[in-house]
Amino acid sequence: MANVREILAQNLKENRRRLGITQGELAERANLSTHYLAMIEIARKFPTADVLDRLAASLSINPHELFSVDISPKRAMEQLQQSILENLDTAMENALDKAIEKRCGYCSGVDTKNEIPPKKS
1239 MANVREILAQ
1249 NLKENRRRLG
1259 ITQGELAERA
1269 NLSTHYLAMI
1279 EIARKFPTAD
1289 VLDRLAASLS
1299 INPHELFSVD
1309 ISPKRAMEQL
1319 QQSILENLDT
1329 AMENALDKAI
1339 EKRCGYCSGV
1349 DTKNEIPPKK
1359 S
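The working numbering puts the first residue of the sequence shown at 1239, with every later residue one more than the last.
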């Protein structure tokens, strides 16, 4: 389950993208620095109530909508896709590591981090 910072970050990004505006444009509308807005969108910072009000007004939504946890079918699919991609990356890394270990098991005295042994004829 996502924490409140992650929920805010996701909803902020979704609503900004729905309007088709950049972080810089939203930051300007809400009278914030782009850096600070970016930190909120990656869940590193948490804004004050005043900033939340300004962000919601800039996005033309009610402040409580920044904390909505309703999962739309589109969002659920995006989360599933992200999870699958992360799992594939991990599986590929593990498979590659095993293949390298197996290949270098034929090595004798070769620095396997810097050299790959020649193929056996």
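Just so you know, even glycine gets a beta-carbon here, dropped at the ideal spot from N, CA and C. Computed from a predicted structure; not experimentally measured.
Between residue 1334 and residue 1297, the CB-CB gap reaches or exceeds 8 angstroms. With a beta-carbon spacing of about 17 angstroms, residue 1304 and residue 1269 fall beyond the 8 angstroms limit used to define contacts.
In the structure shown, residue 1300 falls within a coil segment according to DSSP collapsed to helix, strand and coil. Distance from residue 1245 to residue 1307 at the Cβ level is roughly 6 angstroms; contact confirmed, criterion being Cβ atoms closer than 8 angstroms.
Runs of the alpha helix (DSSP H) spanning 4 or more residues and lying entirely within the segment 1253-1293 occur at 1261-1268 and 1272-1279, in chain order. With contacts defined as CB atoms closer than 8 angstroms, residue 1243 and residue 1281 qualify as a contacting pair.
Straight-line measurement puts the Cα of residue 1340 at about 27 angstroms from the Cα of residue 1322. With contacts defined by Cβ atoms closer than 8 angstroms, residue 1276 and residue 1261 form a contacting pair. Distance from the CA atom of residue 1330 to the CA atom of residue 1338, rounded to whole angstroms, is 12 angstroms. Excluding residues up to 5 positions away in sequence, 1296 lie with their Cβ nearer than 7 angstroms to the Cβ of residue 1267 in the same chain.
Taking the Cα positions, residue 1289 is about 37 angstroms away from residue 1327.
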